[in-house]
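Taking our numbering, the leading residue of the sequence shown gets 18, the next gets one more, and so forth.
C-beta: ideal position from N, C-alpha, C; glycine also.
Keep in mind the model is a prediction, meaning the values are calculated, not measured.
I have placed the structure first, in the form of structure tokens, so that the comments after it can refer back to it.
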Amino acid sequence: MKTKIAIPSASPGGLEASLEAHFGHCDLYTLVEVENDQIQNVEVVPNIPHEQGGCMAPVQYLADKQVQKLVAGGMGMRPLMGFNQMGIEVYYGEQAPTVGSAVDALISGRLRQFTQNHTCGGGAGGCH
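As structure tokens, then:
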């Protein structure tokens, strides 16, 4: 079964790119397709302007791209709830230095599921 994973990434994206700290404010996402624990495809897509739909715009954008899992270092409560409602599993990737290492950690079961305890404070619902 194929799984599409999104990782907020620093430019230029790809497996060697570092993870961006907050999913909603990243410049781009690296989308990694995995099948049978093997990377099958890597695609880099730009993020959409945060103003169009606020915190939920990137959630819908990734759902439209058939993303099933997301690895993030930080996000607010509203987007986390949005991903949960869309059926996208969110994992906490704060220790991963690169996109590739985050994917490897996810495949091998070393990443924890992102919970309310990991969400950022601040502003209305901690939009990151």
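Requested in this report: State the CB to CB distance for the pair isoleucine 56 and valine 120, rounded to an integer number of angstroms; the pair is presumed to be in contact (CB under 8 Å).
Outcome: The pair is a contact, with the Cβ atoms about 7 Å apart (cut-off 8 Å).
Query raised in the report: According to DSSP, is glutamate 106 helix, strand or coil?
Result: Here glutamate 106 carries a strand assignment [DSSP, helix/strand/coil].
Query raised in the report: Could you give the distance in angstroms between the alpha-carbon of proline 114 and the alpha-carbon of methionine 92?
Result: Going from the Cα of proline 114 to the Cα of methionine 92 covers about 18 Å.
Query raised in the report: How big is the Cα-Cα spacing for threonine 132 and asparagine 58?
Result: Looking at the two C-alpha atoms, the distance is approximately 28 Å.
Requested in this report: Kindly indicate which residue of Tyr109, Asn53, Gly110 and Phe40 has the alpha-carbon position closest to the one of leucine 79.
Outcome: Comparing Cα-Cα distances from leucine 79 to each of Tyr109, Asn53, Gly110 and Phe40, the minimum goes to Phe40.
Query raised in the report: Taking DSSP as the reference, what is the three-state secondary structure of cysteine 144?
Result: Confidence at cysteine 144 is low in this model, with a pLDDT of 42, below 50, so the placement of that residue should be treated as unreliable; the coordinate-derived value is given next. Under the three-state reduction of DSSP output, cysteine 144 falls in the coil class, being neither helix nor strand.
Query - Three-state secondary structure (DSSP) of glutamine 55 - result: Note: glutamine 55 maps to strand in three-state DSSP.
Query raised in the report: Who are the Cβ neighbours of proline 96 in its own chain at under 8 Å, not counting the five residues just before and after it?
Result: Within the same chain, Cβ atoms closer than 8 Å to the Cβ of proline 96 are found at Phe40, Gly41, Cys72, Met73, Pro75, Val76, Cys144 and His145, the five residues on either side in sequence being excluded.
Report task. Determine the direct distance from the alpha carbon of valine 61 to that of leucine 128, and round the result to whole angstroms. Result -> Distance between the alpha carbons of leucine 128 and valine 61 is about 22 Å.
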